[in-house]
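For the sequence shown, the positions run 1 to 280 when the UniProt record's numbering is used. Positions of the beta carbon are idealized from the N, C-alpha and C atoms, including for glycine. Everything on this sheet refers to the single structure shown next.
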Amino acid sequence: MLIAVAMFSFMDTTMKLLSAHYPATQVTAMRALSSLPLLCAYMLYRGAFKGIFNVRWPMHLFRSALGVGMLTMFAFGLSMLSLAEAYSIFFIAPALITALSVFVLKEKVGKGQWVAIAVGLIGVIVVLRPEGTGFLSIGGLAILASAACYATTAIVSRVLARTDSNESMMFWYLILMSAGGLTMSVQHWVPVRAEDGWVLLALALSGFFGQLAITRAFSSGKASVVAPFEYTALAWGVAIDWLLWQVLPDGYTLLGAGIIIGSGIYLVRREAVHVEAEHP
């Protein structure tokens, strides 16, 4: 998970660099397209193309539409916010996943978990600023919308995983996101600059290896142990912000991030206790 978080932090850095020169929808398309060759080579090596068309198409289409919204909103938000600010807001996703699981998956959530969800939302308000222009920040609201798309995608993925393989989910996710991103950006497509070739290469490699690492993390370790390490992204965000843009998070961002991270870890631990109680 530590490797996965590092890879995704590098990926987000490349997206922030690209968002300064290209529309958010084009960045989404480039993100999906850049990793496709590596994924196809990996699936060919594993012989995973067998039965690739035998999938639940409506669910894949819905999941990919959410993915386009998630990446587009995230790229748009990154063009206005630092990585640390974006991560601090995006950390609300585990709380949103827990809330959605009640209404979609009919899972039971206790009072303590609802309190943690409310506390996490308070943390988001702190990061967005309870006063002044920060609360109305378009970039901040875009990241919040991205987190909501991500949370919904996670719920859809849980349902899809009951019938479809991980390889088919990854493959059609990138294929359909590429198609969606290209469709949305074709009229405003900006020619790719030659000097951005290395950025696209870094985007492809970090995205691909990050996906492999996170899949391996959750398949070989308990979610309650693995998931909290996702919050190390904030350390990467602060370091990268300082090295590349000489920006450090302010007190509001750090306070809000601490509140959100605390509520997220509580939710993960409570989920582990619930699972162990059901399956001792």
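Cα-Cα separation between residue i and residue j, rounded to whole angstroms
i, j, result
"L81", "A233", "15 Å"
"Q187", "G67", "20 Å"
"E167", "H60", "13 Å"
"D196", "L78", "17 Å"
"T152", "I97", "7 Å"
"V27", "S19", "7 Å"
"F135", "A24", "Confidence is the limiting factor: at F135 the pLDDT is only 48, short of 50, which leaves the residue's position unreliable, though a coordinate-based value still follows. So the two alpha carbons sit approximately 22 Å from each other."
"V104", "V159", "10 Å"
"D241", "A204", "21 Å"
"A48", "T163", "15 Å"
"L36", "L100", "30 Å"
"A161", "Y45", "22 Å"
Chain-order list of residues whose beta-carbon lies under 6 Å from that of residue i (same chain, five-residue window excluded)
i, result
"G237", "L83, A84, Y87"
"Y266", "A116"
"M184", "T25"
"V102", "V109"
"I155", "L100, V104"
Cut-off 7 Å between Cβ atoms - residues of its own chain near residue i, not counting five sequence neighbours on either side
i, result
"A217", "M1, A4, V226"
"R261", "Sequence inspection shows Ile at residue 261; the Arg mentioned does not correspond to that position. Excluding residues within five positions, the ones whose Cβ falls inside 7 Å are F91, Y231."
"V247", "S82, D241"
"F55", "Rather than Phe, the amino acid found at residue 55 in this sequence is Val. Excluding positions up to five away in sequence, the list reads D164, S168, W172."
Three-state secondary structure (DSSP) of residue i
i, result
"I117", "helix"
"K16", "helix"
"R270", "helix"
"F8", "helix"
"N166", "helix"
"A48", "coil"
"G264", "helix"
"Y22", "coil"
Neighbourhood of residue i by C-beta distance below 8 Å, restricted to the same chain and skipping five residues each side
i, result
"H21", "V190, R193, D196"
Among the options, nearest to residue i - alpha-carbon criterion
i, options, result
"F171", "S34, P23, T13", "S34"
"M30", "A95, L71, R63", "L71"
"A145", "G69, K50, Q246", "G69"
"A257", "M7, V126, S9", "V126"
"L244", "F8, L17, M7", "L17"
Within-8 Å CB hit, residue i to chain D
i, result
"I265", "As a matter of chain content, chain D is missing from the structure shown, which is built from one protein chain."
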